[in-house]
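Residue numbers (the numbering used here): 1 to 348.
Backbone N, C-alpha and C fix where the C-beta goes; we use that ideal spot for every residue, glycine too.
Worksheet for the structure shown next.
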Ligand code: NAI
């Protein structure tokens, strides 16, 4: 099997394997594109079934960052890192510092931040050895955890999507299934609850669903059942590839919008959603709030109200996407891909 082409049809500029014997670090840093600027994207800490699975994740996630940063009109390219969680218990600070030294060695062509499994405290460890890191705790004068900004953007996208799909001027009374109650999913659930939505939730961590049941009067269902719930909206906020040929036929939601990266298992799954009359708002469009926050922090002079205003512009892009897709009679996912690739190529 060839490694080249593993990450999809658009090639990557550079992929770096990193090991550090002392801390046990095993990581992959994938730079998909620096066409718009240095590659910017978070670092995932995760248990992978194999090195190949980790490589595929890094390649897919970094390509997604190119599309996300282009779509959000950020002057950065796409990159992503994964740290492979192994059997050996890592000393986190040493491991993230070793990772930070690898980022430093790339001399600014890759800038890192949080992703699943990596905390603001971890990013502070990285920042101690390289300036090419964002999502540093606010106490240190930075922008802090980007997840609330991601949730803000997803919420704004859901509001605009609901206006198009249901003609709903407000979300009150709509039923929303939130898949994954982590940093983003929980913050999104809080916003949806405040807006008067009825929540159905699932997470592999029972403590999180129990907390959501208490805090939002949410209905708790099994992780395998969440996608097929009788709801208006599905918000995937766990891991990727949850929208596939098995889950899509069972969906009852008419709008899908959530934070998880790479929700579509394949491009054809975007077509399948369209054929079923389900509006799918592409992940890289709606979940850009976190990277917007990290980019503005990295550039210096983080101003919360400016960041919020920029994140809320995600809703305008959702609006434009509906118009584009209608004009070209394409699925939303195809129209978004074409738009993002045009931006990546400097066309629009
Ligand atoms: P997190 O690690 O805080 O939360 C993920 C949650 O999903 C956890 O509560 C976990 O227990 C749960 N989970 C895992 N597998 C599950 C399953 N099969 N079914 C239901 N729940 C499951 O991660 P975070 O930061 O909330 O990110 C969520 C997703 O959004 C990820 O795909 C991430 O890449 C993406 N994302 C996050 C951003 C951020 O600012 N944190 C920015 C852009 C994308």
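Contact with chain B by residue i, beta-carbon distance below 8 Å
i: residue 163; result: Among the chains of the structure shown, chain B does not appear; only one protein chain is present.
Outcome for residue i when other beta-carbon atoms lying within 10 angstroms are tallied against a minimum of 16
i: residue 266; result: exposed
i: residue 306; result: exposed
i: residue 50; result: exposed
i: residue 282; result: buried
i: residue 4; result: exposed
i: residue 233; result: buried
i: residue 297; result: buried
i: residue 22; result: exposed
i: residue 246; result: exposed
i: residue 143; result: buried
i: residue 148; result: buried
i: residue 236; result: buried
i: residue 74; result: buried
i: residue 194; result: exposed
i: residue 161; result: buried
i: residue 257; result: buried
i: residue 279; result: buried
i: residue 309; result: exposed
i: residue 205; result: exposed
i: residue 243; result: buried
i: residue 17; result: exposed
i: residue 15; result: buried
i: residue 317; result: buried
i: residue 350; result: Residue 350 lies beyond the stretch modelled for the chain, which goes from 1 to 348, so this question has no answer here.
i: residue 275; result: exposed
i: residue 272; result: buried
i: residue 159; result: buried
i: residue 323; result: exposed
Contacting residues, own chain, Cβ-Cβ under 8 Å from residue i (five flanking each side not counted)
i: residue 277; result: 254
i: residue 250; result: 227, 228
i: residue 209; result: 181, 201, 202, 203, 218, 220
i: residue 260; result: 179, 180, 236, 237, 238, 239, 240, 242, 283, 287
Close beta carbons around residue i, own chain, < 7 Å, minus the five adjacent residues each side
i: residue 24; result: 86, 88, 90, 95
i: residue 221; result: 200, 202, 229
i: residue 46; result: 82, 85, 116, 117
i: residue 69; result: 36, 40, 76, 77, 78, 291
i: residue 288; result: 68, 71, 72, 153, 314
i: residue 138; result: 144
i: residue 216; result: 189, 193, 199
i: residue 123; result: 113, 114, 133, 135, 136
i: residue 191; result: 151, 155
i: residue 12; result: 30, 31, 32, 59, 62
i: residue 231; result: 175, 176, 177, 200, 252, 253
For residue i, three-class secondary structure by DSSP
i: residue 236; result: strand
i: residue 328; result: helix
i: residue 90; result: coil
i: residue 12; result: coil
i: residue 37; result: coil
i: residue 19; result: strand
i: residue 96; result: helix
i: residue 221; result: coil
i: residue 345; result: coil
i: residue 81; result: strand
i: residue 26; result: strand
i: residue 313; result: coil
Chain-order list of residues whose beta-carbon lies under 6 Å from that of residue i (same chain, five-residue window excluded)
i: residue 156; result: 312, 314, 315
i: residue 197; result: 171, 174, 176
i: residue 145; result: 120
i: residue 294; result: 113, 134, 135, 146
i: residue 98; result: 20, 23, 25
i: residue 213; result: 220
i: residue 125; result: 93, 96, 97
i: residue 48; result: 54, 84
i: residue 130; result: 100, 103, 104
Beta-carbon separation (whole angstroms), residue i vs residue j, contact threshold 8 Å
i: residue 41; j: residue 79; result: 5 Å
i: residue 340; j: residue 332; result: Between residue 332 and residue 340 the Cβ distance is about 12 Å, and since that is not below 8 Å, they are no contact.
i: residue 58; j: residue 103; result: Contact flag wrong, Cβ pair sits at about 14 Å.
i: residue 184; j: residue 150; result: 5 Å
i: residue 54; j: residue 28; result: 6 Å
i: residue 334; j: residue 270; result: 6 Å
i: residue 66; j: residue 344; result: 6 Å
i: residue 128; j: residue 108; result: The pair is not a contact, with the Cβ atoms about 17 Å apart (cut-off 8 Å).
Check: residue i C-beta below 7 Å from any heavy atom of ligand 3
i: residue 181; result: This structure does not include ligand 3; its bound ligands are ligand 1.
Review point. Can you list the alpha helix (DSSP H) stretches of 4 or more residues lying completely in the stretch 180-206, in chain order?
Key: If we require 4 residues or more, the alpha helix (DSSP H) runs fully inside the stretch 180-206 come out as 183-194.
Review point. What are the complete alpha helix (DSSP H) segments, minimum 4 residues, inside the stretch 225-300?
Key: The alpha helix (DSSP H) runs lying completely inside the stretch 225-300 and spanning 4 residues or more are 267-275, 283-286, 289-299, given in chain order.
Exercise for review: Please list the segments of the alpha helix (DSSP H) lying wholly inside the stretch 98-182, counting only runs of 4 or more residues, in order along the chain.
Suggested key: Runs found: 120-127, 147-166.
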